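First residue of the sequence shown? That's 141 in the numbering used here, and the numbers climb one at a time after it.
Glycine is no exception: its CB is placed at the ideal position from the N, C-alpha and C atoms.
This structure is a prediction, so every number in the text was calculated from the model and none was measured.
Have a look at the structure below, then the notes.
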Amino acid sequence: VDLSPRAVRFSRFNAALNSLADRVTVLQGDLYSALHDTEAFQVITANPPFVPCPPDLNRKADRYALFADGGASGEEILQGIVQGLPRHLVPGGRLSLVSELCNPDNFPSKVNSWLEKSIPGSFD
């Protein structure tokens with residue numbers, strides 16, 4: 141799933157080029173919006189935008205929205221991915237995420253707090 145129509149076209153082309161078109165589905169959408177609510181996977185791989193991008197910069201140059209805008213803190217997209225995991229990652233599944241962390245020591249606690257918001261009471 142990718143928000144960028146161009147990235148979707150390239151992904152489909154790459155799958156066809158590698159004889160994988162019959163085994164790969166490429167969808168356009170915002171995070172999990174292109175999926176059915178009950179669709180779950182063994183592996184979710186993501187390379188989301190994580191560069192902090194002030195909102196006024198996107199208003200001036202919309203081109204940043206698709207590849208550089210990780211939100212004001214750079215973590216908004218990451219948070220959205222993590223919060224969708226309970227619905228879309230099977231138990232025992234794996235998330236592979238590419239990102240750059242400013243404070244890696246605090247990242248596990250952030251992930252837990254994001255998950256807590258998506259599954260109230262699960263971390264009590």
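Straight through space, the alpha carbons of Pro145 and Ser173 are spaced by roughly 15 Å. Listed in chain order, the non-local C-beta contacts of Trp254 below 6 Å within the same chain comprise Gln219, Val222 and Gln223, local neighbours out to five positions each way being set aside.
Taking C-beta separations shorter than 8 Å and ignoring five residues to either side along the sequence, the partners of Ile259 in its chain run Pro226, following chain order. A distance below 7 Å separates the beta carbons of Ala186 and Leu237. Cα atoms of Pro192 and Arg152: separation of roughly 29 Å, rounded to the nearest angstrom. Spanning the alpha carbons of Val166 and Asn246 requires a straight line of approximately 33 Å.
Boundaries for Arg163: no alpha helix (DSSP H) harbours it, and the DSSP string shows neither H nor E there. Straight-line measurement puts the Cα of Gly211 at about 7 Å from the Cα of Pro194. Nearest neighbour of His176 by Cα position, chosen from Val141, Ala155, Pro188 and Gly232, turns out to be Val141.
CA-to-CA, the gap between Ser239 and Pro248 works out to about 14 Å. DSSP places Ala186 in the uninterrupted beta strand (DSSP E) bounded by Phe181 to Ala186.
Contact between Gly233 and Gln182 is confirmed by a C-beta separation of about 5 Å, below the 8 Å threshold.
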